[in-house]
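Enquirer:
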Amino acid sequence: MGTTKVTPAADAQKRPHIRPYSDYGTALYSKSRPPRQPEKADRSVSINHGDEEGLKRLKDVGDKRTLITAAELGLVHQYRELKLAGQEVLQVDFPYHYSSILYACYGNQYKILQLVEREFSSGTEELTLMHTTRCWVGKNSAMVAAYQGHLETMLYIIDLDLQGRFGDVDLFKQRDIMGKTAMDWAASQGHTDTIEVLLLRSLYKLLPAGSTDPVVIRTRWKLVSLLAELSQHCRDYDPTNPRRFFQEVLASINYNPTAAAAAAAVASVQADTAAAGEGSGSTGGGDSIKRIPLKAEAGIDDARWDDLDEQQEADCTEERQAHGGGGGGGGQGSSRRVDGVKWADSGGGANRAPSANSARGQHQRSESVLVRPSGTPKDVHVTVAMLMDVVTSAHCAGMNCMGVIMYIQVLLQQARYFDDLVARCVAWEVQLLDTCRNKTEVQAVLTPTDNDPSEPVGYALLTYDKAFLSHKYIQQVFTEKWDTMGVTDYARSLLGVVWGFLVMVVAFAIWVVACPLVIILRYARMMQPVKNRQNVRAD
Numbered sequence: 001m002g003t004t005k006v007t008p009a010a011d012a013q014k015r016p017h018i019r020p021y022s023d024y025g026t027a028l029y030s031k032s033r034p035p036r037q038p039e040k041a042d043r044s045v046s047i048n049h050g051d052e053e054g055l056k057r058l059k060d061v062g063d064k065r066t067l068i069t070a071a072e073l074g075l076v077h078q079y080r081e082l083k084l085a086g087q088e089v090l091q092v093d094f095p096y097h098y099s100s101i102l103y104a105c106y107g108n109q110y111k112i113l114q115l116v117e118r119e120f121s122s123g124t125e126e127l128t129l130m131h132t133t134r135c136w137v138g139k140n141s142a143m144v145a146a147y148q149g150h151l152e153t154m155l156y157i158i159d160l161d162l163q164g165r166f167g168d169v170d171l172f173k174q175r176d177i178m179g180k181t182a183m184d185w186a187a188s189q190g191h192t193d194t195i196e197v198l199l200l201r202s203l204y205k206l207l208p209a210g211s212t213d214p215v216v217i218r219t220r221w222k223l224v225s226l227l228a229e230l231s232q233h234c235r236d237y238d239p240t241n242p243r244r245f246f247q248e249v250l251a252s253i254n255y256n257p258t259a260a261a262a263a264a265a266v267a268s269v270q271a272d273t274a275a276a277g278e279g280s281g282s283t284g285g286g287d288s289i290k291r292i293p294l295k296a297e298a299g300i301d302d303a304r305w306d307d308l309d310e311q312q313e314a315d316c317t318e319e320r321q322a323h324g325g326g327g328g329g330g331g332q333g334s335s336r337r338v339d340g341v342k343w344a345d346s347g348g349g350a351n352r353a354p355s356a357n358s359a360r361g362q363h364q365r366s367e368s369v370l371v372r373p374s375g376t377p378k379d380v381h382v383t384v385a386m387l388m389d390v391v392t393s394a395h396c397a398g399m400n401c402m403g404v405i406m407y408i409q410v411l412l413q414q415a416r417y418f419d420d421l422v423a424r425c426v427a428w429e430v431q432l433l434d435t436c437r438n439k440t441e442v443q444a445v446l447t448p449t450d451n452d453p454s455e456p457v458g459y460a461l462l463t464y465d466k467a468f469l470s471h472k473y474i475q476q477v478f479t480e481k482w483d484t485m486g487v488t489d490y491a492r493s494l495l496g497v498v499w500g501f502l503v504m505v506v507a508f509a510i511w512v513v514a515c516p517l518v519i520i521l522r523y524a525r526m527m528q529p530v531k532n533r534q535n536v537r538a539d
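Under our numbering, think of the first position of the sequence shown as 1, with each following residue one higher.
1) For K115 versus Q87, is the C-beta distance shorter than 9 Å?
2) Starting from C396 and walking both ways along the alpha helix (DSSP H), at which residues does that stretch end?
3) Taking only runs that begin and end inside the region 85 to 156, name each unbroken alpha helix (DSSP H) of 4 or more residues, in chain order.
4) Between Q163 and S470, what straight-line distance do the alpha-carbon atoms span, to the nearest angstrom?
5) Give the DSSP-derived three-state secondary structure of V169 in the structure shown.
6) With respect to the alpha helix (DSSP H) encompassing Q174, which residues constitute its N-terminal and C-terminal limits?
7) Grouping DSSP H, G and I as helix and E and B as strand, with all else coil, what is R243?
8) Residues in the same chain with beta-carbon distance under 6 Å from F418, minus the five sequence neighbours each way, listed in chain order, please.
9) Please state the DSSP three-state secondary structure of P456.
10) Using only the alpha-carbon positions, how far apart do T132 and Y106 sit?
11) Assuming the contact rule is C-beta atoms closer than 8 Å, G149 and H97 should be a hit. Round their C-beta distance to whole Å, please.
12) Which residues in the same chain have their Cβ closer than 6 Å to the Cβ of R337, if we skip the five residues on either side of it in sequence?
13) Quick one: using the 10 Å Cβ neighbour count with 16 as the cut-off for buried, is Y103 buried or exposed?
14) Where does G496 land, buried or exposed, given buried means 16+ other C-beta within 10 angstroms?
15) Classify W185 as buried or exposed, calling it buried when 16 or more other Cβ atoms lie within 10 Å of its own Cβ.
16) For the pair the region 208 to 223 and the region 132 to 148, tell me if three or more CB-CB distances fall below 8 Å.
17) Here's a check: name, in chain order, each residue in its chain whose Cβ is nearer than 7 Å to the Cβ of L199, leaving out the five neighbours to either side.
18) From V266 to A259, what does the alpha carbon distance come to, in whole angstroms?
19) Count the other CB atoms within 10 Å of the CB of F515; is the residue buried (16 or more) or exposed (fewer)?
20) Can you tell me whether DSSP reads D577 as helix, strand or coil?
21) So, V197 versus L250, is the Cβ gap smaller than 9 Å?
22) Can you tell me whether H395 is buried or exposed, with buried defined as 16 or more other CB within 10 angstroms of its CB?
23) Should N438 go down as buried or exposed, given a rule of 16 or more other Cβ atoms within 10 Å for buried?
24) Would you be able to state if there are at least three C-beta pairs under 8 Å between the region 445 to 452 and the region 383 to 392?
25) Can you give me the Cβ contacts of T128 inside the same chain, cut-off strictly under 7 Å, excluding the 5 residues immediately before and after it?
26) For the alpha helix (DSSP H) containing Y407, name the first residue and the last one.
27) Given that a residue counts as buried once 16 or more other Cβ atoms are within 10 Å of its Cβ, and exposed if not, what is E229?
28) Alpha carbon to alpha carbon, what distance is there between P529 and R537?
29) Here's the rule I'm using: 16 or more other beta-carbon atoms within 10 Å means buried, otherwise exposed. How should T479 be labelled?
30) Restricting to runs no shorter than 4 residues, where is the alpha helix (DSSP H) found entirely within the region 202 to 246?
31) Whole angstroms is fine: what's the gap from T194's alpha carbon to V430's?
32) Helix, strand or coil: how does DSSP classify D450 here?
33) Ordered along the chain, which non-local residues of its own chain (more than five positions away) have a Cβ less than 8 Å from that of A71?
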């Protein structure tokens, strides 16, 4: 069977054949085409130091040449030029109402904050306004840095606060629309390093600034020195400026640790010599400052030498060895530091006592070593010894120890991650009450002074401190108050009854006297017309 040939349609024969482009033609066209010129960027603001690469990292920013973008990315040169071009520092975005200051805190760009503070801030009021301008949920600069856990930015804000650059405004006590402070935000996000610097700042603020007591000055210097140590990696926005954080605060304290250590060593030697002359058999390691009984009760041995760092200890080594204040014990290689105390390593000298401490002091300090929440000893800076130094300093400044301990306890409870320190504060409260011998001493412990941050009984009721409220002395105080209240109520009731009876008697007497008079007057008025008629008839 043959195949049938199909003839193509006529219109199909007339359709021209479309020939595709060859690879050679495409390549020739692309070669002859002029290259595409990139869009010319606006060079009104120069970009230096790889700023363009930084701009590419930011997503969904809209206009890239704004103070907000430069602040979040830390573009110091661009921020300066944009500010000089007329843009405002407190210009906020929509809808978050974040200014360039808040974006700098959000991006951990503390150098932008330095630039604004030194070049674009006219004084305390303007700087305070910049840091207290709130976002849409009421956060200030400290809250934003705490929420993000940016340690460097938080340290810089604390530095400004300790210098008094915010005046009477306390950024760290302000609350947002949810009622949270900077400490609350840091604790809610688990930023333990930020929590610690906030605690150090609160402990520093707790001690009175005008006190001239050497213990208070020394404790304030130690707290600021620790903050400065934590910020030693931070650099100034100006590479030629060697300034570091907290330099001005340390200079204002006016404390020389080397001289204080040397004086303590000399005083220790003199005390040991006097004790040896009296035949007391002193073992050395005395104190230049009389210890507070509370500190001895808490098991903390206050050793001035051991609170110095390695460099300061090296400066005083000759002084210490000359007077025999305590053996160094194997040099730098055979010892380690925990909480500022030099302990012997396990190899070869594990049983030796710490330098400048007696065997009893070592035993007391070993019992008071804090079991740290996590990590190595260097990971946690708020320790038992530091808290006891603060409590002792507050006592030397004339503050109530119980109120100070309770205030510290509330701070630690707010920080959430220091349950062991909270338990230690509760133990101190009980120990302090146990040392009272009569009702007068209990009342003295519970009576706050003008400088105290808290009223003990009120704080205990507010925080439900069961260990404090269940103490026998506190129960006795409450019982006496209740008894007094009962007697007072009874007396008031009895006085009310007597007063009511007297009022009734007086009222009855007045009634008895007034009634006849009223009757006589009414009778006289009734008899008056009769007399008038009689007089008329008589006439």
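We put the CB at the ideal spot given by N, CA and C, even for glycine.
Expert: Let me lay it out:
1) It is worth fixing the name first, because residue 115 is Leu in this sequence and not Lys. For L115 and Q87, no; Cβs fall outside 9 Å.
2) 384 to 396
3) 100 to 106, 110 to 119, 124 to 132, 141 to 148
4) 42 Å
5) coil
6) It is not in any alpha helix (DSSP H) - Q174 carries neither H nor E in the DSSP assignment.
7) coil
8) L412
9) helix
10) 15 Å
11) 22 Å between Cβ atoms; not a contact.
12) Note that R337 has pLDDT 38, beneath the 50 cutoff, so the model's placement of it is unreliable and the number below is only indicative. So no residue of the chain qualifies.
13) buried
14) exposed
15) buried
16) no
17) V382, L411, A415
18) 11 Å
19) Sequence inspection shows Cys at residue 515; the Phe mentioned does not correspond to that position. Classification of C515: exposed, given that the 10 Å Cβ count is below 16.
20) Outside the shown range of the chain, which is 1 to 539, sits residue 577, and nothing can be said about it.
21) no
22) buried
23) exposed
24) no
25) F166, G167, V169
26) 401 to 415
27) exposed
28) 13 Å
29) exposed
30) 214 to 230
31) 30 Å
32) coil
33) Y79, S100, I101, Y103, A104, G107, Q109, I112
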